[in-house]
Amino acid sequence: MNAEKVIRLNVNRKDFEEIYFSGQQGSLFFSSATKGKTVTTAVVGGILLILFFFKDDLSKEKFGILYFVSFLFLLCTVYLSLSINKVSRWKKEVNKYLKSLEDSEIYEIRLNNEIFNVNLNHQEELSKWGDFKDFDVNDEFISLEGKFNYMFPRKSMSKGDYEALKQALKKNIKM
Numbered sequence: 000m001n002a003e004k005v006i007r008l009n010v011n012r013k014d015f016e017e018i019y020f021s022g023q024q025g026s027l028f029f030s031s032a033t034k035g036k037t038v039t040t041a042v043v044g045g046i047l048l049i050l051f052f053f054k055d056d057l058s059k060e061k062f063g064i065l066y067f068v069s070f071l072f073l074l075c076t077v078y079l080s081l082s083i084n085k086v087s088r089w090k091k092e093v094n095k096y097l098k099s100l101e102d103s104e105i106y107e108i109r110l111n112n113e114i115f116n117v118n119l120n121h122q123e124e125l126s127k128w129g130d131f132k133d134f135d136v137n138d139e140f141i142s143l144e145g146k147f148n149y150m151f152p153r154k155s156m157s158k159g160d161y162e163a164l165k166q167a168l169k170k171n172i173k174m
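Right, here's the structure in full:
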């Protein structure tokens with residue numbers, strides 16, 4: 000591919016949302032980043048609740064268990080809130096990006112043997128193929144990781160363009 004290939008992307012917000020928020024990724028409590036912390040906090044909270052109901056049956060020597068589990072619950076809650084904050088910021092950032100896509104007039108990919116260029120409303124991000132560390136291709140989307148990170152839904156381009164992009168990635172990105 001010595002000649003430059005131009006792939007114009009048809010922006011439909013729903014196509015991008017399907018991928019970014021697939022599964023529980025957009026959920027504050029049950030995303031992959033928060034699910035374990037949510038379950039742990041609930042379990043420790045349940046144990047604390049049970050101990051609280053039976054606190055009258057605890058001797059003075061064993062009363063420290065209630066304080067210890069209270070501390071664990073507080074710790075779990077803090078870690079959960081930090082994770083929720085992280086997911087919330089990610090979600091806000093993705094929604095901002097999706098809004099910019101919705102308002103875009105031009106969204107295209109230009110590529111050849113040397114470069115990979117993404118143009119979004121005349122704001123171009125130019126990368127050499129060596130700048131990319133990893134890529135993932137499946138039936139739903141193509142994602143690239145490197146100097147810049149990208150995700151292109153299959154639905155946003157023609158089948159021929161999708162195949163051409165897939166072949167260019169396999170040819171030019173060395174993993």
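Residue numbers (numbering that gives the first Met the number 0): 0 to 174.
The beta-carbon is built from N, C-alpha and C at its ideal position, and this holds for glycine as well.
These numbers come from a predicted model, not from an experiment.
Worksheet item: What does DSSP give as the partner residues of I141 in its beta bridges?
Response: Position 142 of the sequence shown, counted from the start, is the residue given in the question as residue 141. DSSP output for I141 lists V136, F151 as bridge partner(s).
Fill in: Residue span of the beta strand (DSSP E) that contains N94, given as start and end
Numbered from its first residue, the sequence shown carries residue 94 at position 95. Run containing N94: none in the beta strand (DSSP E); it sits in the alpha helix (DSSP H), 63-101.
Worksheet item: What residue does the alpha helix (DSSP H) around K127 start on, and which one ends it?
Response: The residue labelled residue 127 in the question sits at position 128 within the sequence shown. First-last for K127: 122-127, but that is the beta strand (DSSP E), not the alpha helix (DSSP H).
Worksheet item: Which residues bound the alpha helix (DSSP H) around L168?
Response: As a first step, residue 168 must be located in the sequence shown, where it is residue number 169. First-last of the alpha helix (DSSP H) with L168: 158-171.
Practice prompt. Note down, in chain order, each residue of its chain lying with its Cβ closer than 8 Å to the Cβ of L8, except the 5 sequence neighbours on either side.
Written response: Looking up residue 8 in the sequence shown gives position 9. So the qualifying residues of the chain are Y106, E107, I108, F151, S155, M156.
Discussion item. For a test of the three-state rule: what should DSSP assign to F131, helix, strand or coil?
Written reply: Mapped onto the sequence shown, residue 131 falls at position 132. Note: F131 maps to strand in three-state DSSP.
Practice prompt. Could you tell me the boundaries of the alpha helix (DSSP H) in which V10 lies?
Written response: Walking along the sequence shown from the start, residue 10 turns up at place 11. No alpha helix (DSSP H) holds V10; DSSP gives it neither H nor E.
Worksheet item: Exposed or buried, what is L197 when buried is set at 16 or more other beta-carbons lying within 10 Å of its beta-carbon?
Response: In the structure as shown, the chain begins at 0 and stops at 174. Residue 197 is therefore absent and cannot be evaluated.
Practice prompt. Give a yes or no on whether the C-beta atoms belonging to K85 and A41 are separated by under 9 Å.
Written response: Taking the first residue of the sequence shown as position 1, residue 85 is located at position 86. Taking the first residue of the sequence shown as position 1, residue 41 is located at position 42. Contact flag unset, no.
Worksheet item: At a cut of 8 Å, does the region 140-150 reach the region 86-103 through at least three beta carbon pairs?
Response: no
Worksheet entry | Complete alpha helix (DSSP H) runs within the region 33-60 (minimum length 4 residues, chain order) | 34-52
Worksheet item: Using the C-alpha atoms, what's the distance from V43 back to S30?
Response: For the purposes of this step, residue 30 is taken as the residue at position 31 of the sequence shown. For the purposes of this step, residue 43 is taken as the residue at position 44 of the sequence shown. Distance between the alpha carbons of S30 and V43: 20 Å.
Practice prompt. Compute the beta-carbon to beta-carbon distance between L27 and S80, rounded to the nearest angstrom, for a pair I have assumed lies under 8 Å.
Written response: As a first step, residue 27 is located in the sequence shown; it is residue number 28 there, counting from the start. As a first step, residue 80 is located in the sequence shown; it is residue number 81 there, counting from the start. In fact, because the Cβ distance is near 10 Å, the residues do not count as touching under 8 Å.
Discussion item. With distance defined between alpha-carbon atoms, name the residue in L47, F53, E104 nearest to L71.
Written reply: Position 72 of the sequence shown holds residue 71. The residue with the shortest Cα to Cα distance from L71 is L47.
Fill in: Whole-number beta carbon distance between F134 and R153, since they are thought to touch under 8 Å
Translated into the one-based positions of the sequence shown, residue 153 becomes position 154. Translated into the one-based positions of the sequence shown, residue 134 becomes position 135. Not a contact, Cβ separation roughly 14 Å.
Discussion item. Just to confirm my understanding: we take K127, look at its own chain, exclude 5 residues before and 5 after, and list those with CB closer than 8 Å. What are they?
Written reply: As a position in the sequence shown, residue 127 is number 128, starting the count at 1. If we look at K127 and ignore the five residues flanking it on each side, its Cβ neighbours are E113, I114, F115.
Discussion item. Just to confirm before moving on: does the CB-CB distance between S103 and L119 stay below 9 Å?
Written reply: Taking the first residue of the sequence shown as position 1, residue 103 is located at position 104. Taking the first residue of the sequence shown as position 1, residue 119 is located at position 120. The answer is yes: Cβ separation under 9 Å.
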